[in-house]
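I have placed the structure first, in the form of structure tokens, so that the comments after it can refer back to it.
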Amino acid sequence: MIANPFAVVSPEEMTAEKAAQLFVEMYSDYPQIKRPGNIIMTGARGCGKTMLIRCCLPDVLMLKDGIKKRLDEIEYLAFHIPVKKTSLCLSELRFLENRHAPYLINEHFLALNVLMYALIDLTKIEYSDFNPKDYENFFTNTYSRYLRMSGCKDKISVKYDSANSFFKSLYQHAEEMQAEFIHYILKLNPNSEKMDPAYDLPLLSFLRFIVPVFTELVSLPGFPCGKNIYFFIDDADNLSTTQTRILNTWIACRTQPTISLKVSAQYELYKTYLTSNDILIESPHDYQSVNISLRYTTNHIGNFKDKAIEILAKRLSTAGIEQKPEDFFPNYQIQEDGIQKEAQLIRDNYNTMGRGSRVDDDVRRYAIPNYIKKLGGTKKSRSTFRYAGLDNMIHLSSGIIRNLLDAAANMYDAACAQQNQDNPAPISYINTEIQNQVLRDQSYAFLYTELRHSNTGLADNENELLPIDSPQNDIEKLQNLICAMGQTFHDILVSDRSERKVFSIALSNIPDNEIKQVLKTGVRLGYLHEATIGNKAGNGRTWLYILNRRLAPSFVLDPTGFQGYLFMTNEDLHRAMNTGRQLRPIDENVDSDIVQLSLFDIWEE
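Under our numbering, the first residue of the sequence shown carries the number 3, and numbering increases by one thereafter.
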């Protein structure tokens with residue numbers, strides 16, 4: 003059996019060849035990521051931050067565009083510092099809080115981890131030029147000198163038989179320094195009345211060690227001399243508050259263009275923007291702020307769709323499957339025929355019953371809603387609507403490539419499970435029943451499992467989210483808000499209003515603290531996407547909150563085509579969060595309360 007071509011592998015575990023083969027430049031709209039300068043890039047889980055970093059590392063850049071390059075030919079030298087995989091999260095580090103020199107000792111540990119991961123990356127590179135004498139001079143005059151200035155008195159056994167062995171010997175010493183540090187931390191006992199053991203280990207720092215050492219590093223033969231150095235600090239939301247303040251202090255040092263810090267974190271989880279000295283780092287002076295997932299959620303779908311198709315096509319080609327993505331994930335033809343019949347009815351009656359300025363506008367707005375409405379008189383009857391086809395898959399991914407690949411991988415596994423195991427045939431397409439079931443299961447899991455966890459409210463044997471009568475916390479209020487949004491949007495979809503495809507709410511008032519917190523929780527957890535649009539008065543902008551399109555199957559919504567938004571007051575939102583029944587009363591004879599918007603054609607804040 004062919005391995006699942008859509009399986010998501012951790013980018014850190016990918017070989018350079020595999021990463022270069024699969025990578026699609028999703029981030030061409032972000033030239034500042036590749037330019038010198040500090041960046042804090044945020045985004046939802048699965049939006050591709052780590053894959054972006056993996057493909058910025060030198061071993062991948064040396065294989066880019068199918069042309070084997072030398073190290074000195076790449077445009078910059080980048081290192082990956084994965085916070086999740088380090089001992090930076092060591093719980094015992096909390097013992098340093100409110101004790102002696104917590105910032106100095108934490109900075110040493112942070113700088114030491116940066117050094118160790120950079121040295122690991124350097125051991126993996128293929129070097130075209132090596133002169134032992136130059137490396138010996140670098141070690142003696144730079145590396146060893148700054149190490150001694152940092153308080154290290156160790157005698158380091160250095161190998162000069164190759165560049166890789168040289169960096170490996172430096173890494174092994176750094177590993178020993180880390181072991182000694184952790185041993186010291188474990189000696190601390192916050193509950194003991196005894197004095198803490200004296201700290202007599204080195205104290206590495208960003209300015210006094212990392213900057214001078216790596217600035218000199220690129221002068222070694224074979225390195226991209228004069229090129230800029232980027233440290234990608236991945237998953238920085240896992241740092242402690244103290245460590246985040248230290249990282250912010252590094253950002254405030256403005257060592258770019260020589261050395262730039264590219265920091266990634268999950269949206270709304272970066273702990274603080276204050277430095278060790280309680281100074282606020284600010285954009286754009288100290289760093290550029292980039293929200294990756296917002297850009298691909300709020301821009302026109304065409305940008306994301308083209309890239310998504312390219313990613314799927316590469317995956318199919320790599321697996322030896324000679325099918326275009328649109329043929330591998332076909333539409334449900336019976337449903338497509340039914341929608342086309344509704345489209346033809348709209349065209350035939352446009353002269354007498356048309357609502358839009360053009361007939362094609364009416365077709366895009368009403369063909370699918372009319373089809374869903376005619377499937378049955380109840381929401382349960384309308385649940386026979388089948389979510390299938392490449393367009394539906396891309397829209398339901400809600401701008402997160404991980405969602406798309408997970409769906410495709412689950413579909414492929416389900417198709418393999420249906421095969422005759424004695425004589426399995428190659429998978430040439432995914433039937434629409436499997437597509438629909440996987441997309442619905444993903445939606446239900448996202449809504450019921452990931453949001454609610456231990457919360458109650460799910461009716462027995464039914465995939466129906468019930469409102470909570472007396473919500474006690476932000477999660478329960480968010481659950482009610484999602485219930486109200488989904489139900490209201492469905493009711494509008496099958497109504498006789500002229501504007502029927504709604505997926506967003508816009509704020510009519512400045513939200514109070516309770517509303518802010520619930521909306522912030524929804525954005526942080528990925529159930530809502532945040533953007534801005536023009537306000538009702540036309541003299542400014544207001545916040546817009548878009549329901550994650552992964553939830554469309556749970557409420558029988560159409561995730562494609564034109565979408566509108568509904569203005570909401572604080573009173574409306576409080577009622578929705580407390581009851582979960584309806585966003586607000588919807589008058590079928592009034593259309594001015596819903597504003598139509600081209601899909602994803604929104605401004606980001």
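C-beta: ideal position from N, C-alpha, C; glycine also.
For clarity, every value in this text was computed on a predicted model and none was experimentally measured.
Using CA coordinates, which residue listed in the options is at the minimum distance from residue i?
i           : options            : result
residue 258 : 274, 37, 516       : 37
residue 511 : 188, 169, 575      : 575
residue 67  : 280, 24, 271       : 24
residue 306 : 451, 428, 50       : 50
residue 566 : 202, 310, 494, 543 : 494
residue 410 : 317, 207, 354      : 317
residue 164 : 150, 360, 132      : 132
residue 159 : 152, 153, 178      : 178
residue 279 : 285, 244, 487, 266 : 244
residue 485 : 533, 135, 554      : 554
residue 112 : 506, 246, 337, 474 : 246
residue 166 : 205, 151, 232, 121 : 121
residue 470 : 441, 72, 580       : 580
residue 154 : 202, 285, 368      : 202
I need the DSSP call for residue i, collapsed to helix, strand or coil.
i           : result
residue 84  : strand
residue 76  : coil
residue 346 : helix
residue 386 : coil
residue 298 : Any reading at residue 298 must be qualified, since the residue scores a pLDDT of 46, below 50, and its modelled position is unreliable; the value itself is stated next. In the structure shown, residue 298 sits in a helix (DSSP, three-state: H, G or I).
residue 323 : coil
residue 621 : Only positions 3 to 607 of the chain appear in this structure, which leaves residue 621 out of reach.
residue 277 : coil
residue 222 : coil
residue 16  : coil
residue 491 : helix
residue 474 : coil
residue 283 : coil
residue 2   : There is no way to answer for residue 2, as the model of the chain reaches only from 3 to 607.
residue 5   : coil
residue 265 : strand
residue 260 : coil
residue 288 : coil
residue 130 : coil
residue 333 : coil
residue 173 : helix
residue 340 : helix
residue 457 : With a pLDDT of 48 at residue 457, under the threshold of 50, the modelled position of that residue is not reliable, and the figure given next carries that caveat. Residue 457 falls in the coil class under three-state DSSP.
residue 504 : strand
residue 465 : Summary for residue 465: the model assigns pLDDT 48, below 50, so the residue's position carries little reliability; its value from the coordinates is reported in the next sentence. In this structure, residue 465 counts as coil in the three-state DSSP scheme.
residue 560 : coil
Just mark residue i as buried or exposed, buried being the case when its beta carbon has 16 or more other beta carbons within 10 Å.
i           : result
residue 556 : buried
residue 405 : buried
residue 287 : exposed
residue 412 : buried
residue 355 : exposed
residue 147 : exposed
residue 426 : exposed
residue 364 : buried
residue 492 : buried
residue 199 : exposed
residue 548 : buried
residue 182 : exposed
residue 490 : buried
Please say whether residue j and residue i have beta carbons closer to each other than 8 angstroms?
i           : j           : result
residue 371 : residue 503 : yes
residue 570 : residue 586 : yes
residue 283 : residue 240 : no
residue 445 : residue 526 : no
residue 16  : residue 294 : no
residue 498 : residue 572 : no
residue 18  : residue 54  : no
residue 173 : residue 137 : no
residue 374 : residue 558 : yes
residue 261 : residue 292 : no
residue 208 : residue 252 : yes
residue 561 : residue 320 : no
residue 403 : residue 417 : no
residue 536 : residue 530 : no
residue 248 : residue 109 : yes
- Query: Are three or more beta carbon pairs between the stretch 117-134 and the stretch 263-275 nearer than 8 angstroms?
  - Reply: no
- Is the stretch 110-118 close to the stretch 58-69, with three or more CB pairs under 8 angstroms? The stretch 110-118 vs the stretch 58-69: no contact.
- Does the stretch 508-526 come within contact of the stretch 471-483, defined as at least 3 CB pairs closer than 8 angstroms? Touching, per the Cβ criterion.
- Between the stretch 312-330 and the stretch 339-349, do at least 3 Cβ pairs fall closer than 8 angstroms? Contact between the stretch 312-330 and the stretch 339-349 is absent, because fewer than three Cβ pairs lie under 8 angstroms.
- Message: I'd like to know if the stretch 136-150 and the stretch 67-87 are in contact, where contact means that at least 3 CB-CB pairs between them fall below 8 angstroms.
- Response: no
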